[in-house]
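Last residue of the sequence shown? That's 834 in full-length UniProt numbering, and every number before it is there in order. Single-structure report; data block below.
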Amino acid sequence: MKSSDESSDEYSSEDYHSDEFVDDDEHRDFKRSWPFGSKGKATDVLAPSGAACLQMNKILARAEESAGDFTFGGQADMLPVAPGIKVEGVGSIPVPLTEDIARKLIAVGEKSPFGRKHETLIDENVRKSWQLESNRVEFKNPMWHTGMEILSATIADRLGYEGVPLQCMLYKVLVYAEGGHFTKHKDTEKEDGMIATLVIQPPSLHEGGDLVVYRDRTTAYRHDFGKKDGTAAYLPHFAVHYADAEHALEKVTKGYRLALVYSICLPRTMRHLCRDHYQPLSDDLASAIRTMQDGDDSFALLLSHQYTEKSIGELGTRALKGVDRARFHALEEANNAVTTDKKLCFYIAQLHHTLKFYYDYDKTEDDGWEEYRDEASIVFRSTSGEYIGSSPVSKSPQLNFLNPGQETHGHLWRPYGSSTYEGEHGNEASEKCTKYSRYAIITWSSKQSVENALKFISEDFALKMLQQEKHRESESFGAFTDAASKIISEDIAAVVRRCQTSIDATAIRSFIDAVRKQHHWFMQLSISFCTGVCALVVDVGDPTLVGHFFKLFLEDLKKLTDKEALIPALADIVRSFDWEAIGKTVLGLLADLADTSVMEMNLTLQLADGLDKGPGQSALLNAAARKAVSLDDAELCYSKPVGLLWKWAIRSEDNHIFESVVAKFKRIDPSLLRPSIEESSHLATEMNELDAKFAVVVFIVEKRIKWLNHQVRALDKPFSWKMPDASFPECTEVESFLHGPEVSLNTAEILSFGHIQDARNCAAKWQNKLQLNASFEVEAGGSAGKFFVTIMKTRRWFSIRQEKLRRHKEELSLLLQRFSGLSGSDHSTAEEEK
């Protein structure tokens with residue numbers, strides 16, 4: 001089942017104001033400047049800066065010639081006059097449509113809705129027709145299917161998809177009676193890969209009902225489906241338009257109109273699009289790209305068609321239609337033809353520009369609206385559609401827009417805005433928010449890839465670009481270090497310019513400093529970025545970079561939610577550098593990263609666990625042991641890393657580590673030892689029984705066994721209402737009752753109340769009181785001036801004891817199996833005497 005914005009065509013009353021009203025809004029919205037730095041009046045034609053971009057602008061203007069027709073149609077002579085339509089619930093449908101059959105179709109159909117924002121609405125002032133789902137319709141004439149294949153090929157050629165097997169998928173069958181119409185609107189993408197809409201009208205006798213497709217505000221294409229030449233009643237006709245083209249169906253003035261609506265889609269396996277017809281453009285564009293100079297090697301190309309986030313995300317540039325596809329493929333071909341030093345990077349960008357106003361009643365000009373916020377941001381995607389980052393408001397670049405369509409500033413932005421209004425609330429004035437959004441192709445020189453990715457996209461993507469630079473030629477490398485340094489300070493640009501065959505420590509230091517300068521406190525540093533930088537530090541082999549990176553980004557690293565994810569990268573660093581050079585830095589980082597002492601011990605042990613034997617591992621294990629000794633007994637015993645602590649205390653060749661850990665656990669109350677015993681006893685079974693460490697572990701296990709035996713003896717009793725360990729310090733009589741065999745106690749003789757509410761309050765207080773070694777329910781009762789509470793014992797206390805007994809017996813049995821010969825009897829051992 002489709003959502004509301006997929007199930008019907010999209011209409012918005014906000015989009016179709018009079019020109020005068022929109023011009024007033026436009027003047028208000030863009031009286032300072034146009035989005036992303038463009039300057040000029042609404043009636044001025046936008047022009048790019050730079051000789052090379054001006055030349056490309058002229059060349060790309062020719063792309064429209066090979067982009068395919070915007071809309072077309074005519075006689076569908078490849079289709080049979082009688083399609084053999086059969087509709088579920090009605091039967092065969094003869095054409096032209098008769099009034100009797102039309103009424104039957106209307107009876108089994110449903111009123112056609114339209115979409116407005118996220119709502120699906122029915123309003124005959126906007127749309128008046130009836131629709132039938134495609135799964136209720138069949139075409140019995142076999143020539144219909146053959147004809148549709150021929151028509152599909154024709155459509156592919158006319159849309160500029162020569163050789164691509166476009167799929168025509170029946171979406172709806174529409175019936176229009178007299179007065180039926182649909183005001184100006186745009187289709188939504190009803191199928192994955194949808195690029196256009198096909199409307200087929202079988203022979204029809206109706207009058208009116210022309211389809212009008214709008215190219216812009218001044219150009220319209222009219223499809224009359226054969227009425228003008230008198231063939232409408234005798235032949236099928238068709239019309240095709242891009243899905244995002246504005247179009248309207250004029251009112252049917254007489255009779256009934258039947259329309260078959262198809263979605264034209266690219267096949268799933270596509271998308272080997274024919275590019276030969278872009279070659280002449282590509283050659284000329286390549287020549288222009290070769291003339292680009294520093295400072296004149298970036299531009300943005302606004303896309304003429306509208307696209308959904310879904311289609312761009314899934315298909316990337318393969319979702320482009322018509323002139324957008326022609327222009328991009330020509331640029332792509334040209335880029336493939338130039339040398340590495342001249343190559344460009346392409347990104348799909350969703351441009352957002354938001355303006356907010358409040359109504360100033362004291363202001364006379366501009367209708368009283370006063371702007372208080374002007375924000376711009378960009379969402380970047382790769383050409384495959386993968387999300388790679390967003391440019392925050394404070395970092396959005398000024399863009400050098402190409403304008404091959406020679407459109408004015410107003411035409412470039414006006415149709416892409418939508419406004420919302422909020423009325424007065426108390427002392428707050430009315431507010432208006434206008435949002436403009438367009439897709440574009442943003443392009444810059446590959447030599448600027450790291451610098452611009454860091455500035456405008458994300459640290460992660462900049463790091464990815466930097467890693468790709470590792471094997472670039474020295475000239476490209478030098479350009480990067482210079483660019484990265486300029487982000488920090490113009491003064492050190494010359495110092496960091498280097499010419500080497502791979503990125504060195506100076507480049508990495510420059511990059512780290514640049515990221516620090518660009519990174520804002522409110523931005524979250526990612527794990528992938530941190531691990532990527534660590535990998536680069538290892539590659540260049542400079543241990544001083546370890547401390548440099550961690551010092552600059554310590555506060556950001558502290559904010560990471562999954563600090564353990566850093567451990568593999570830290571392990572690579574410890575393996576790659578001498579511990580004397582980095583040890584103090586690493587230990588300090590682990591202490592600073594940890595929110596608690598347990599976390600510090602955990603991170604330290606995990607890092608040691610990932611290393612081979614050596615100075616680094618030994619130092620880390622000693623640090624972890626010291627931290628363990630300092631912990632509270634319960635905190636240590638129930639901590640996550642207690643297993644790793646025992647593992648390395650036993651396996652380490654440093655006896656001091658083992659002795660300090662064991663000394664700590666010898667002093668711990670045996671009631672807390674279960675988690676530790678589970679880990680240490682499991683490891684001990686793999687040890688040689690003659691090993692001195694084994695004897696020490698056995699001693700700790702035997703302490704636990706003795707405690708378990710004592711607990712089992714105390715708990716293994718038949719059921720009784722006596723709760724001998726119960727504590728109720730608030731009332732000694734109640735405590736005595738809990739210790740005794742009685743089941744219930746009425747407090748009338750002990751404690752009474754003058755009002756029932758007082759008794760209820762007492763009952764609630766006692767009921768919710770922590771029931772120590774006891775379980776009971778409390779109820780209020782009594783009458784006329786003498787109210788009391790009744791305490792009734794429950795079996796829950798006994799059930800809890802039985803569950804404890806079961807767990808203790810299970811643990812005792814397991815330990816006795818692992819350490820045969822131990823009984824837990826109360827006798828001294830040599831170890832105990834120590």
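The beta-carbon is built from N, C-alpha and C at its ideal position, and this holds for glycine as well. Keep in mind it's a predicted model, so treat the numbers as computed, not measured.
6 Å CB neighbourhood of residue i in its chain, flanking five on each side removed
i       : result
Ile-442 : Ala-300, Tyr-347, Ala-349
Val-212 : Ala-220, Arg-222, Ala-248
Glu-735 : Phe-728
Gln-711 : His-808
Leu-816 : none
Glu-422 : Glu-431
Test item: CB-CB of residue i and residue j under 9 Å
i       : j       : result
Ala-245 : Thr-408 : no
Gly-226 : Ala-220 : no
Ile-85  : Lys-172 : no
Leu-566 : Cys-530 : yes
Leu-593 : Lys-613 : no
Asn-458 : Lys-435 : Contrary to the premise, residue 458 reads as Ser rather than Asn in this sequence. For Ser-458 and Lys-435, no; Cβs fall outside 9 Å.
Trp-797 : Gln-771 : yes
Gly-785 : Asn-746 : no
Phe-753 : Phe-787 : yes
Lys-693 : Pro-670 : no
Asn-403 : Leu-320 : no
Ala-326 : Gly-160 : yes
Start and end residues, alpha helix (DSSP H) containing residue i
i       : result
Gln-817 : 796 to 818
Gly-147 : 142 to 158
Lys-39  : No alpha helix (DSSP H) holds Lys-39; DSSP gives it neither H nor E.
Glu-451 : 449 to 452
Ala-243 : Element bounds for Ala-243: n/a, residue is neither H nor E.
Leu-60  : 51 to 60
Whole-angstrom C-beta distance between residue j and residue i, which should lie under 8 Å
i       : j       : result
Phe-401 : Ser-38  : 6 Å
Leu-174 : Ala-259 : 4 Å
Ser-390 : Ser-382 : Actually they do not touch by this definition, with Cβ atoms about 14 Å apart.
Cβ-based neighbour list, residue i, same chain, cut-off 7 Å, excluding 5 preceding and 5 following
i       : result
Leu-672 : Asp-633, Ala-634, Cys-637
Glu-191 : Met-169, Ser-263, Cys-265
Ala-243 : Asp-187, Glu-189, Met-194, Ile-195, Ala-196, Thr-197
Glu-88  : Arg-136
Gly-643 : Glu-679
Ser-676 : Cys-637, Val-642, Trp-646, Phe-665
Leu-554 : Asp-592
Leu-97  : Ser-204, Tyr-256, Leu-258
Leu-281 : Ile-59, Arg-62, Ala-63, Ala-330
Leu-620 : Thr-604, Leu-607, Ala-608
N-terminal and C-terminal residue of the beta strand (DSSP E) that residue i is part of
i       : result
Trp-444 : 431 to 445
Ala-196 : 194 to 201
Gln-606 : Careful: Gln-606 lies outside any beta strand (DSSP E), inside the alpha helix (DSSP H) at 597 to 609.
Arg-215 : From DSSP, Arg-215 is part of no beta strand (DSSP E); its letter is neither H nor E.
Ser-419 : 417 to 422
Ala-248 : 246 to 249
Leu-170 : 167 to 176
Ile-791 : 786 to 793
Leu-260 : 257 to 265
Arg-222 : 220 to 223
Trp-130 : 130 to 133
Ala-82  : First-last for Ala-82: undefined, no H or E at that position.
Gln-75  : 71 to 75
Same chain, Cβ closer than 8 Å to residue i, neighbours up to 5 away in sequence not counted
i       : result
Glu-832 : Caution is warranted here: a pLDDT of 40 is assigned to Glu-832, below 50, making its placement in the model unreliable, and no coordinate value can be reported.
Ser-630 : Ser-597
Lys-640 : Val-598, Asn-602
Val-22  : Its pLDDT being 40, under 50, Val-22 is placed unreliably by the model, and the measurement read from it follows with that caveat. Excluding positions up to five away in sequence, the list reads Arg-414.
- Message: Report the start-end ranges of each alpha helix (DSSP H) in the segment 631 to 691 that is 4 residues or longer and not cut off at the edges.
- Response: 633 to 637, 642 to 651, 655 to 666, 674 to 684
- Contained beta strand (DSSP E) runs [length at least 3] in the segment 332 to 413, N- to C-terminal order: 344 to 359, 369 to 381, 387 to 391
- Message: List, from N- to C-terminal side, the beta strand (DSSP E) runs of 3 residues or more that fit wholly inside the segment 273 to 332.
- Response: 298 to 302
- Segments assigned alpha helix (DSSP H), at least 4 residues, entirely inside the segment 704 to 768: 732 to 739, 756 to 768
- Task: Would you mind listing the alpha helix (DSSP H) stretches within the segment 523 to 594 that are 4+ residues and don't spill past its ends, in chain order?
- Result: 527 to 540, 544 to 552, 554 to 558, 567 to 576, 579 to 593
- Message: In chain order, what are the residue ranges of uninterrupted alpha helix (DSSP H) at least 4 long that sit wholly in the segment 86 to 128?
- Response: 99 to 108
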